[in-house]
DNA sequence: AATAAGTAGTATGTATACAAAATACAGGAG
DNA sequence: CTCCTGTATTTTGTATACATACTACTTATT
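Residue numbers (this note's numbering), protein chains in the order written: chain A, 13 to 236; chain B, 13 to 236.
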């Protein structure tokens with residue numbers, strides 16, 4: 013039969029998505045710096061594709077807030093001022109509170125276990141010095157909560173907001189002094205969820221995000 | 013899809029943006045119905061442009077949540093289930109609460125005046141029978157609040173969320189019985205903002221959105 | 001009659017060609 | 001020296017061509 017051949021072809025992704033993911037990664041990792049121009053021809057030759065998928069990927073980055081384009085001038089990696097960061101974190105605070113509240117209502121026993129694993133995993137990661145791994149472990153902890161909201165649109169928006177501050181988060185995670193605080197806050201969130209104490213978990217999450225905001229703002233101020 | 017779909021070429025804008033706006037309007041107005049396919053060639057010939065700007069516009073609609081594309085199959089106007097609507101309104105409730113709280117902190121005297129004008133304007137519009145005008149007046153009332161948040165990103169997200177339920181909102185606004193309630197709620201919001209009673213205005217706004225949610229859900233249930 | 005294979009037609013994915021606008025720079029006028 | 005301007009170059013905007021996958025219909029086989 014010809015069945016298996018078709019299965020192999022299923023692994024196929026449109027180039028625009030491959031390009032989109034590649035550029036997004038590069039921006040988040042800081043390989044493409046804020047303000048850097050995204051020139052279609054240059055990117056096309058660098059990635060070995062034509063301009064068409066590049067252009068479509070840029071349109072997508074644009075709506076994700078990772079790129080800004082000026083008509084007839086082109087696109088560049090979005091710059092972030094302190095004000096932009098405040099705006100993003102203000103929204104993120106509201107949505108993280110919503111998410112953790114929903115999670116508190118919905119969490120199953122198995123979710124709590126996953127959360128506990130993620131918690132321990134984060135704690136362990138801070139004993140190493142691999143900042144990316146720490147950031148990843150933190151993402152995974154919060155992801156368990158996001159998934160429990162049973163609201164895909166909300167998950168999507170929270171991931172997007174997280175993306176927008178990722179560059180700066182990695183910076184502040186280099187400061188090892190904050191690890192104990194972060195771990196403690198994660199533990200408190202976990203405890204509240206276990207006890208189904210909705211009001212309290214929202215309060216803790218709120219504090220957790222505000223803390224982040226101050227850290228990130230310090231980073232930005234230093235960079236300027 | 014036999015409507016005309018004409019482009020407004022007056023503005024000096026890249027065609028992708030013109031096409032994007034045109035298609036978005038058509039979807040919101042219901043000229044393009046949920047589930048309807050968005051075929052590039054067909055749209056291109058109908059709008060008198062090539063496929064390129066159409067494709068880029070579709071990528072943008074996709075990230076706005078107004079279109080869904082399946083690789084190698086094409087795009088279609090996003091369908092909305094009752095669950096999707098719940099999800100959107102859950103988020104909207106959280107962000108509207110945030111917005112009205114911020115507005116309460118920031119509102120200047122002139123903003124209050126603008127809000128009062130919008131309030132009266134809405135009231136007046138309900139005495140006519142032009143549903144679109146009523147919807148527009150409602151949008152303008154809430155826009156004054158959004159603008160006062162001084163958070164462009166939040167404004168953007170709220171506008172996007174509003175877009176996603178616009179089709180159904182216009183439906184429920186056809187029910188004239190609800191006008192007094194809506195007017196009363198708007199008045200309460202205005203009064204609270206005038207008195208700078210932040211806690212209360214958030215409570216009222218929350219109620220306002222929950223009310224909408226129930227109405228919209230009824231509409232969807234009727235349609236199924 | 002039902003199903004499978006083959007085939008024509010259609011739609012999307014990608015590349016490239018051409019047009020128009022923006023930018024950079026050189027040279028000349030004041 | 002500064003500013004303006006014209007031209008060359010670069011870059012984006014748009015259209016089109018070609019390749020490939022999908023759809024639907026027809027035909028053949030059981």
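Ideal placement from N, C-alpha and C gives every residue a C-beta, glycine not left out.
From a predicted model like this one, the values you see are computed outputs, not experimental measurements.
Less than 8 Å separates the beta-carbon of residue 81 of chain B from that of residue 87 of chain B.
Comparing alpha carbon positions, the residue from A:163, A:165, A:178 closest to residue 151 of chain A is A:178. A direct Cα-to-Cα measurement between residue 120 of chain B and residue 201 of chain B gives close to 15 Å. Just so you know, the alpha carbons of residue 125 of chain B and residue 74 of chain B end up roughly 38 Å apart. Taking a contact to require three or more Cβ pairs closer than 8 Å, the segment 168-187 of chain A and the segment 136-144 of chain A qualify as touching. Chain A has no Cβ within less than 8 Å of the Cβ of residue 155 of chain B. Each residue's CA atom was taken as its position, placing residue 27 of chain B and residue 131 of chain A some 49 Å apart. Listed by position along chain A, the residues whose Cβ is nearer than 8 Å to that of residue 187 of chain B form an empty set, because the closest Cβ is around 27 Å away. Between residue 79 of chain A and residue 161 of chain A, the gap from beta carbon to beta carbon reaches 8 Å or more.
Rounded to the nearest whole angstrom, the CA to CA distance from residue 84 of chain B to residue 94 of chain B is 28 Å. DSSP, read as helix, strand or coil, puts residue 76 of chain A in helix.
Cβ contact annotation for residue 154 of chain A (same chain, cutoff 7 Å, sequence separation greater than five): none. Distance from the CA atom of residue 197 of chain A to the CA atom of residue 47 of chain B, rounded to whole angstroms, is 45 Å.
Residue 107 of chain A counts as buried, since no fewer than 16 other beta carbons sit within 10 angstroms of its beta carbon. Going by beta carbons, residue 34 of chain B and residue 59 of chain B fall inside the 8 Å limit. Residue 223 of chain A and residue 190 of chain B have their C-alpha atoms roughly 43 Å apart. Boundaries of the beta strand (DSSP E) harbouring residue 89 of chain A: 86-89, taken from the DSSP string.
Residues of chain A with a Cβ closer than 7 Å to the Cβ of residue 67 of chain B are, in chain order, 68.
Counting other Cβ atoms within 10 Å of its Cβ, residue 211 of chain B stays below 16 and is therefore classed as exposed. The beta carbon of residue 205 of chain A sits no closer than 8 Å to any beta carbon of chain B. DSSP lists B:87 as the bridge partner or partners of residue 81 of chain B. Out of B:101, B:102, B:92, B:136, the CA that lies nearest to the CA of residue 40 of chain B is found in B:92. Distances from the alpha-carbon of residue 69 of chain A to those of A:30, A:101, A:104 put A:30 closest.
Between the alpha carbons of residue 232 of chain B and residue 97 of chain B lies a distance of about 9 Å. Boundaries of the alpha helix (DSSP H) harbouring residue 154 of chain A: 143-160, taken from the DSSP string. Look at residue 49 of chain A here: in three-state DSSP terms it is strand. Interface annotation for the segment 34-48 of chain B against chain A: empty, criterion Cβ-Cβ distance under 7 Å.
When Cβ-Cβ separations below 8 Å define contact, residue 169 of chain A makes contact with chain B. Among the residues facing chain B, residue 72 of chain A is included, as its CB has a counterpart in that chain under 8 Å away.
Under a 10 Å Cβ-count criterion, residue 109 of chain A is classified as buried, with 16 or more other Cβ atoms of the shown protein chains found around its own Cβ. Taking the Cβ atoms as the reference, residue 101 of chain B lies roughly 7 Å from residue 221 of chain B, within the contact range of under 8 Å. Residue 170 of chain B sits in a helix when the DSSP states are folded into three classes.
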